[in-house]
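These protein sequence lines are chains V and L, in that order. The number in our numbering is simply the position in the first sequence, starting from 1, with 6 added. The number in our numbering is simply the position in the second sequence, starting from 1, with 6 added.
Number of protein chains: 2
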Amino acid sequence: MSTMLSTLRVEAMARARPIPGRAMEDGEARHHQIALSEDLRTLDPFSTRVRFARNETIFCEGDSSDYAFKIISGTVRLCAHTPDGRRQISDFMLPGDVFGLMERNEYGFSAEAVTDVMLVSYPRNKIDELWAKKPQVVNRVLAALVEHFLTMQRHLVVLGCQNAKERVASFLLRLSERTQSGAGERIDLSMGRQDIASHLGLTIETVCRAISELKREGAITTPNLHELILNNLGALRALAEGESED
Amino acid sequence: MSTMLSTLRVEAMARARPIPGRAMEDGEARHHQIALSEDLRTLDPFSTRVRFARNETIFCEGDSSDYAFKIISGTVRLCAHTPDGRRQISDFMLPGDVFGLMERNEYGFSAEAVTDVMLVSYPRNKIDELWAKKPQVVNRVLAALVEHFLTMQRHLVVLGCQNAKERVASFLLRLSERTQSGAGERIDLSMGRQDIASHLGLTIETVCRAISELKREGAITTPNLHELILNNLGALRALAEGESED
DNA sequence: CGACCCCTTGACATGCATCAAAGGGAGTGG
DNA sequence: CCACTCCCTTTGATGCATGTCAAGGGGTCG
Numbered sequence: 007m008s009t010m011l012s013t014l015r016v017e018a019m020a021r022a023r024p025i026p027g028r029a030m031e032d033g034e035a036r037h038h039q040i041a042l043s044e045d046l047r048t049l050d051p052f053s054t055r056v057r058f059a060r061n062e063t064i065f066c067e068g069d070s071s072d073y074a075f076k077i078i079s080g081t082v083r084l085c086a087h088t089p090d091g092r093r094q095i096s097d098f099m100l101p102g103d104v105f106g107l108m109e110r111n112e113y114g115f116s117a118e119a120v121t122d123v124m125l126v127s128y129p130r131n132k133i134d135e136l137w138a139k140k141p142q143v144v145n146r147v148l149a150a151l152v153e154h155f156l157t158m159q160r161h162l163v164v165l166g167c168q169n170a171k172e173r174v175a176s177f178l179l180r181l182s183e184r185t186q187s188g189a190g191e192r193i194d195l196s197m198g199r200q201d202i203a204s205h206l207g208l209t210i211e212t213v214c215r216a217i218s219e220l221k222r223e224g225a226i227t228t229p230n231l232h233e234l235i236l237n238n239l240g241a242l243r244a245l246a247e248g249e250s251e252d
Numbered sequence: 007m008s009t010m011l012s013t014l015r016v017e018a019m020a021r022a023r024p025i026p027g028r029a030m031e032d033g034e035a036r037h038h039q040i041a042l043s044e045d046l047r048t049l050d051p052f053s054t055r056v057r058f059a060r061n062e063t064i065f066c067e068g069d070s071s072d073y074a075f076k077i078i079s080g081t082v083r084l085c086a087h088t089p090d091g092r093r094q095i096s097d098f099m100l101p102g103d104v105f106g107l108m109e110r111n112e113y114g115f116s117a118e119a120v121t122d123v124m125l126v127s128y129p130r131n132k133i134d135e136l137w138a139k140k141p142q143v144v145n146r147v148l149a150a151l152v153e154h155f156l157t158m159q160r161h162l163v164v165l166g167c168q169n170a171k172e173r174v175a176s177f178l179l180r181l182s183e184r185t186q187s188g189a190g191e192r193i194d195l196s197m198g199r200q201d202i203a204s205h206l207g208l209t210i211e212t213v214c215r216a217i218s219e220l221k222r223e224g225a226i227t228t229p230n231l232h233e234l235i236l237n238n239l240g241a242l243r244a245l246a247e248g249e250s251e252d
């Protein structure tokens, strides 16, 4: 009952299944995140609001991991840089997301502001104190880690198995699931095409062509550069989930 | 001191730095794994030895996650299957490795025997009881999760940024670091070429060609199909870590 | 010895990267 | 308010790395 990871599983079960398939998982992800966010709120007296401008670096891989961050507004990219200048964006963080929480002494990746962002920073030592006092916080952290984990695993499949159009479809679907849970269609594409490319292991040109093709097929519409409408979720899912659509 | 994640970080620090660069990280990974393995040993009375034959499925994605496993001997692949039959091997598990530990109700991936394997299975509920009694076990699990995490992140870079030869070089280096920590050269390539391909997001032919090319260049030697000698670690590292080698 | 399975190599096809240039959109200065 | 400029996106032309298809090679097991 009050055991450690079992609680995590109870939490996951307690949640009524909203939609079958992937959407459910994201629902759980958000659920855990909200719980975690609540925990962090008790640290508000020790937290600081920080602002970063577009393209500013929040921290670098290897920096001493003295703070965890929660996003108030804006978008952040988490990325790894290789010695020869290539980079891989492992994920984007949106408002409400927490990052830098599960590091060792040093951050394992860099964090950069995609847009102007407002963050709350929580000092490491206060976080440690918090979960020394409240063991159940550890469960939430574990839960969040496991979710993050599944997300990365899905992304491994994207990078390992999918072609350009499928990758873009996967990306758009996940973005839509993260922002509106409903079948809502309008997506805020706050990151540039180059960032999407770096996330999907493609070039900017290939991303553009894939988007254009989806537009031509009527699956999506782009009212402007940073906004996008999903007209045909079914077609996108067929692409993203690898169903042959003959 | 006896706080939760801080302990994890103390453990990581306490370890003297063995070798610079990636090897250090793997050293820490092994360290955590050994600690975790020790914890599980207290569960031995409840554990069962299980044998699986080559290519047998240990569990499927979606199965109820009633057991965690530790490998005694043999190799296991963790993989995701897509509806249309493609698959992505997220990682290989070697003797000493533990898997299935951080699942929710259901496993998030499938596990299959690459070779004949001998496993120890630990019942979920006993694990829960263990870390209800010994909170420091949770730290080890967290530490292991974080390590696993960094591993996946590095693999994201491999899949997102590297070409075929670089991928194979990365794979061989990691394998060598996991098995012998020294500059040892002989690697046991227990998995088939097709499995390597599925792990690296390539086809079997491309993997073969990359290996052949590395052989031609003298970087490696293949005494037989399932054994491989690294002759030139420097060249392989240059490839894997993306240093321009003009 | 033969059959099977997997690996290896070759020939060819193609999807994506690369190179190049034109097309918006937003901010700035006249 | 318009024109200019800059930055990013989009589209096109071309080349290359890797996928695909096909044939042969080598080891292992019956």
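In this text, a Cβ means the ideal position worked out from N, Cα and C, and glycines have one as well.
The C-beta of L:Val163 comes closer than 8 Å to at least one C-beta of chain V. Taking the CA atoms as reference points, V:Phe177 sits about 8 Å from V:Ala246. One thing to note: L:Ser196 has its Cβ no nearer than 8 Å to the Cβ of L:Thr88.
Bridge pairing for V:Val144: absent [DSSP].
By the criterion of a C-beta distance shorter than 6 Å, L:Ser116 is surrounded in its chain by Cys66, Glu67, Cys85, once the five residues flanking it on both sides are discounted.
The C-beta of V:Asp90 comes closer than 8 Å to at least one C-beta of chain L. Per DSSP, reduced to three states, the secondary structure at V:Leu125 is strand. For V:Thr185, the enclosing alpha helix (DSSP H) covers residues 170-185. In its chain, beyond the 5 residues on either side, Ala35, Asp97 have a beta carbon closer than 8 Å to the beta carbon of L:Thr157. Under the three-state reduction of DSSP, L:Met197 is assigned to coil, being neither helix nor strand. Listed by position along chain V, the residues whose Cβ is nearer than 7 Å to that of L:Phe115 are Gln159.
Take L:Thr228, set aside five residues on each side of it, and the residues of its chain with a beta-carbon closer than 6 Å to its own are Leu234, in chain order. Listed along chain L are Gln159, Leu162, each with a C-beta nearer than 8 Å to that of V:Ser96. Contact check for V:Glu118 and V:Val82: beta-carbon distance about 7 Å, within the 8 Å limit, so the pair qualifies. Note that the C-beta distance between V:Val143 and V:Ser43 is not below 8 Å. For V:Glu219, the three-state secondary structure derived from DSSP is helix. Within chain V, the C-beta atoms nearer than 8 Å to that of L:Cys167 come from Thr88, Arg92, Arg93, Gln94, Gly207, in chain order.
With respect to chain L, the C-beta atom of V:Met99 has no partner C-beta closer than 8 Å. For the C-beta of V:Val174, not a single chain L residue is nearer than 9 Å; the gap to the nearest is close to 14 Å. The residue from V:Gly114, V:Glu249, V:Glu211, V:Leu49 with its alpha-carbon nearest to that of V:Ser70 is V:Gly114. Listed as beta-bridge partners of L:Cys85 by DSSP are L:Ile95, L:Ser116. Measuring C-alpha to C-alpha distances from L:His37 to each of L:Leu162, L:Val163, L:Gly248, L:Val152 identifies L:Val152 as the nearest. Interface annotation, L:Pro129: not in contact with chain V, CB-CB separation never under 8 Å.
For V:Gly106, the nearest beta carbon of chain L is not closer than 8 Å to its own beta carbon. Scanning V:Arg60, V:Leu242, V:Leu206, V:Glu249 for the CA closest to the CA of V:Val123 turns up V:Arg60. For L:Gly240, no chain V residue has a Cβ inside 7 Å of its Cβ, as the nearest lies near 14 Å away.
Secondary structure of L:Asn61 (DSSP, three-state): coil.
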